[in-house]
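Novice:
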Amino acid sequence: PSFLTQTYTERAKVNNNACAKKLLELMDKKKTNLSVAIDVTKKADIIRIADILGPYICVLKTHIDIVEDFDMELVETLKKLAEKHEFLIFEDRKFADIGNTVKHQYEGGVYKIASWSDITNAHPIPGEGIIKGLKEVGLPLNRALLLLAEMSSKGSLAKGQYTLDTIEMAKRNTDFVIGFIGQNRIYDNGDDSQDFLYLTPGVGLETKGDSLGQQYRTPHQVIVESGCDIIIVGRGVYGAKDDAEIKERAEKYRKAGWDAYLERIGQ
Ligand code: 5BU
């Protein structure tokens, strides 16, 4: 059975991870597979934009370490907005160290990521210990992890055998790893009995990239042609001239992502 032609709700029913299940359910309920990356650096702007975007998104993606005036009130407020609008929070931390170190980075320090972020991600480069370390902290809190199987940027080294080995690593840790950050669903890697979620950054309707190596594809390319599940859009949404335009752009990307999903499942 291909997950490509199933609805998010059908996939929610057979997913054993509480976090993935919740995500798949709210996507169909809110009719959105859009995640917005709010990469702005002031607390008040993040909160204001998150409240505007709430109805349009399934996942709010953060880079908490770019916030200039960070305090725990920011994440408390984001948690309240996540409840109000029904979305999940994904701190795009890209952990990349040995298990013992990432445990501390995930649980403690200034940001205490595990206490407020439903989902986070990690590079598989250090080997499986990174998953084990993060899992010790995250699993008791019902958190979930995405592995970075591929990146959107030009010249990325995450490709070929590295990407295939990443999938294998995930298959050995399906209690905590719910999917990948990647550019393509990996069809040709043997069995697809495990339903992984694919979240895809590098999505834009207006431009092909930026001056620092970012590369953009359209929601249709990502969802229909590459078989991914969630589009992640940053500047394409928050880089608008005012709040009214942010809202318009969010709806435009939500609709583009949703129409692509409907086309894929044949509805
Ligand atoms: P943009 O403004 O839509 O280009 O922002 C993309 C976001 O996704 C930004 O927060 C990046 O850190 C993030 N990202 C990415 O662009 N490409 C990747 O492969 C990964 C993350 Br992983």
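So full-length UniProt numbering is basically just the index in the sequence shown, starting at one, shifted up by 2.
Idealized CB from N, CA, C, for every residue including glycine.
Using only CA atoms, which one of THR7, PHE178, LEU150 and SER154 lies nearest to LEU166?
Specialist: Within the sequence shown, the letter at position 164 stands for residue 166. For the residues THR7, PHE178, LEU150 and SER154, the minimum Cα distance to LEU166 belongs to LEU150.
Novice: By DSSP, does PHE182 sit in helix, in strand, or in coil?
Specialist: To locate residue 182, count along the sequence shown from 1; it is residue 180. Here PHE182 sits in strand by DSSP.
Novice: Give a single yes or no on whether SER213 has its beta carbon closer than 7 angstroms to a heavy atom of the ligand 5BU.
Specialist: The residue you call residue 213 lines up with position 211 of the sequence shown. Checking every heavy atom of the ligand 5BU against the Cβ of SER213, none is found closer than 7 angstroms.
Novice: Using 10 angstroms around the beta-carbon of ASN19, count the other beta-carbons present and answer buried if the total reaches 16, otherwise exposed.
Specialist: Locating residue 19 in the sequence shown gives position 17, counting from the first residue. Buried, since its Cβ has 16 or more Cβ neighbours within 10 Å.
Novice: Exposed or buried, which one is THR64 when buried takes at least 16 other CB atoms within 10 Å?
Specialist: Reading the sequence shown from its first residue, position 62 is the one you call residue 64. Per the 10 Å Cβ criterion, buried.
Novice: Of all the options PRO203, GLY135 and LYS173, which has the alpha carbon lying nearest to the alpha carbon of VAL61?
Specialist: Looking up residue 61 in the sequence shown gives position 59. Ranking the options by Cα distance to VAL61, first place goes to PRO203.
Novice: For the stretch 134-218, list the alpha helix (DSSP H) runs that are entirely contained and at least 4 residues long, ordered along the chain.
Specialist: 162-173
Novice: Take LYS105 and list the residues in its own chain whose beta-carbon comes closer than 8 angstroms to its own, dropping the five residues that flank it on each side.
Specialist: The count along the sequence shown starts at 1 and reaches residue 105 at position 103. GLY135, LEU136, GLU138 and VAL139.
Novice: Do the stretch 236-244 and the stretch 33-40 meet, that is, are 3 or more Cβ pairs less than 8 angstroms apart?
Specialist: yes
Novice: Provide the residue(s) that pair with ALA39 in DSSP beta bridges, ordered along the chain.
Specialist: Mapped onto the sequence shown, residue 39 falls at position 37. Bridge partners of ALA39: LYS63.
Novice: Please report how far the alpha carbon of residue 1 lies from the alpha carbon of LEU199, in whole angstroms.
Specialist: Shown here, the chain extends from 3 to 269; a query on residue 1 therefore has no answer.
Novice: Checking contacts by CB at 8 angstroms: is GLU93 closer than that to chain B?
Specialist: The question asks about chain B, but that chain is absent: this structure has only one protein chain.
Novice: With DSSP as the reference, please indicate the residues paired to ASN123 in a beta bridge.
Specialist: Translated into positions along the sequence shown, residue 123 becomes position 121. ASN123 is bridged to LEU148.
Novice: Rounded to whole angstroms, what's the CA-CA distance from GLN107 to SER119? Just pull it up for me.
Specialist: Against the sequence shown, residue 107 aligns to sequence position 105. Against the sequence shown, residue 119 aligns to sequence position 117. Looking at the two C-alpha atoms, the distance is approximately 13 angstroms.
Novice: Using three-state DSSP, classify GLU93 as helix, strand or coil.
Specialist: Working through the sequence shown from its first residue, we reach residue 93 at position 91. When DSSP states are grouped into helix, strand and coil, GLU93 belongs to the strand group.
Novice: Could you check the C-alpha separation between ALA52 and VAL226 for me, to the nearest Å?
Specialist: What you label residue 52 is simply residue 50 of the sequence shown in a count that begins at 1. What you label residue 226 is simply residue 224 of the sequence shown in a count that begins at 1. Looking at the two C-alpha atoms, the distance is approximately 27 angstroms.
Novice: Hey, would you say THR43 sits closer than 8 angstroms to ILE59, going by beta carbons?
Specialist: Numbered from its first residue, the sequence shown carries residue 43 at position 41. Numbered from its first residue, the sequence shown carries residue 59 at position 57. Cβ atoms of THR43 and ILE59: not closer than 8 angstroms.
Novice: As a quick exercise: from SER155, ILE132 and ILE133, pick the residue whose alpha carbon is nearest that of LEU214.
Specialist: Numbered from its first residue, the sequence shown carries residue 214 at position 212. Nearest C-alpha to LEU214: SER155.
Novice: Return the first residue and the last residue of the alpha helix (DSSP H) that VAL16 is part of.
Specialist: Position 14 of the sequence shown, counted from the start, is the residue given in the question as residue 16. Start and end: 10-16.
Novice: Give the single residue among ARG256, GLY229 and GLU93 whose Cα lies nearest to the Cα of LYS114.
Specialist: In the sequence shown, residue 114 corresponds to position 112, counting from 1. Of the listed residues, the one whose Cα sits closest to LYS114 is GLU93.
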